[in-house]
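Below you'll find the structure, written out as structure tokens, and then a few comments.
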Amino acid sequence: MSVLLNYYRALEVFRSRDDLIPVQRVATFLLVAMRGKVTREDVADALGQSSTSAYRNLMALSEGPYRLNAARKEGMGLLQVREDEYETRRLVWTLSAKGQRLKTQIEELLTNDTKRTA
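This is the structure in structure tokens:
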């Protein structure tokens, strides 16, 4: 099976939760999944986004409501946010239990193909 097919399947896992999910939001989730925890500045720097775009993507992936173009939307529940333990003015995002399950699902999809093609 093609490695690209499994990448496509991994993207479909995201699309099953939001069929119009922007690629920047997928990249944001993957960055948090790889690093374990991130700040808004980490996302902006790593993905070349403005701080505002990074925050909007983090909030859209988080638990609870957020604002998008003056409309309130419900977050995807894949991330949780808390104050940084060292600097309380800074927020830190980590995977929620739901986000951890999604990470595991994607890793299994990609790992299974690697085992078959090796």
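Going by the working numbering, the sequence shown opens with residue 52, and the numbers climb by one from there. Glycine residues also receive a C-beta, built at the ideal position from the N, C-alpha and C atoms.
Local Cβ density within 10 Å of residue i, reported as buried at 16 or more and exposed below that
i    : result
V64  : exposed
T79  : buried
A169 : Bear in mind that the predicted position of A169 carries a pLDDT of just 49, short of 50, making it unreliable; the figure below should be weighed with that in mind. So A169 ends up on the exposed side.
L55  : exposed
N163 : exposed
M127 : buried
From the options, residue whose alpha carbon lies closest to that of residue i
i    : options                   : result
V83  : S102, L130, A148 and T162 : L130
V74  : R91, K88 and Q100         : Q100
R68  : R86, A111 and L161        : A111
Y137 : R60, K149, E158 and T90   : T90
Y106 : E114, A95 and A148        : A95
Residue i - containing beta strand (DSSP E), residue span
i    : result
R123 : A122 to E125
Delimiting residues of the alpha helix (DSSP H) encompassing residue i
i    : result
E134 : Counting along the chain, E134 falls outside any alpha helix (DSSP H), though it belongs to the beta strand (DSSP E) covering L130 to E134.
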